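Here the structure comes first, spelled out in structure tokens, and everything after it is commentary.
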Amino acid sequence: MKLQYGSAYKNEEGIIFAHPNGSLYTPSGLNYYFNLYIKEIGLPKITLHGLRHTHATLLLKMGVNTKIVSERLDHSTIHMTLDTYSHVLDDMQEEVVQIFSKNLKIL
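Residue numbers (the numbering used here): 1235 to 1341.
This is the structure:
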């Protein structure tokens, strides 16, 4: 797109969600097109913020280091991530107890 628009191209930062000429979508415009796409492909309605939360939750459930998840979310501190996703970590604690108990019986 940059070659096509030349000096009129406005996206030097490499933003992913941009108009073809590189100009940025407004938040409401981005939400509008996202909702159209979700509806078109038949997925349940989810907000972009909900998608971000789901992404982080799945990463934590997969065992990705909390520091890495925090960096991906651009949280200012790891504590912010821990506070926001403590419910996921609590669920993981229960899973660890179950796994440990199961393996302890084998020994």
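Where is the CB? At the ideal position from N, CA and C, for every residue including glycine. It should be emphasised that the depicted structure is a prediction, and the values quoted were computed from it without experimental measurement.
Note to self: Mapping the DSSP letters down to three states, classify LEU1258 as helix, strand or coil.
What the structure shows: Of the three classes helix, strand and coil, the one that applies to LEU1258 here is strand, per DSSP.
Margin query: For GLN1332, which residues in the same chain have their Cβ closer than 8 Å to its Cβ, ignoring the five residues on either side in sequence?
Written below: none
Next item on the list: My understanding is that THR1315 touches VAL1303, with C-beta atoms under 8 Å, so please give their C-beta distance in whole angstroms.
Entry: 6 Å
Notebook entry, point to check: How big is the Cα-Cα spacing for GLY1256 and ASP1325?
Noted result: 42 Å
Next item on the list: Would you kindly work out how many angstroms separate the C-alpha atoms of PRO1261 and LYS1339, rounded to a whole number?
Entry: 53 Å
Margin query: Measuring alpha carbon to alpha carbon, tell me which residue in LYS1295, ASN1337 and GLU1329 is nearest TYR1319.
Written below: With distances taken between Cα atoms, TYR1319 lies closest to LYS1295.
Margin query: Please classify VAL1298 as buried or exposed, where buried requires at least 16 neighbouring CB atoms within 10 angstroms.
Written below: exposed
Check: Whose C-alpha, out of ASN1337, ALA1290 and HIS1283, is nearest the C-alpha of THR1323?
Finding: It should be noted that the sequence gives Leu, not Thr, for residue 1323. Of the listed residues, the one whose Cα sits closest to LEU1323 is ALA1290.
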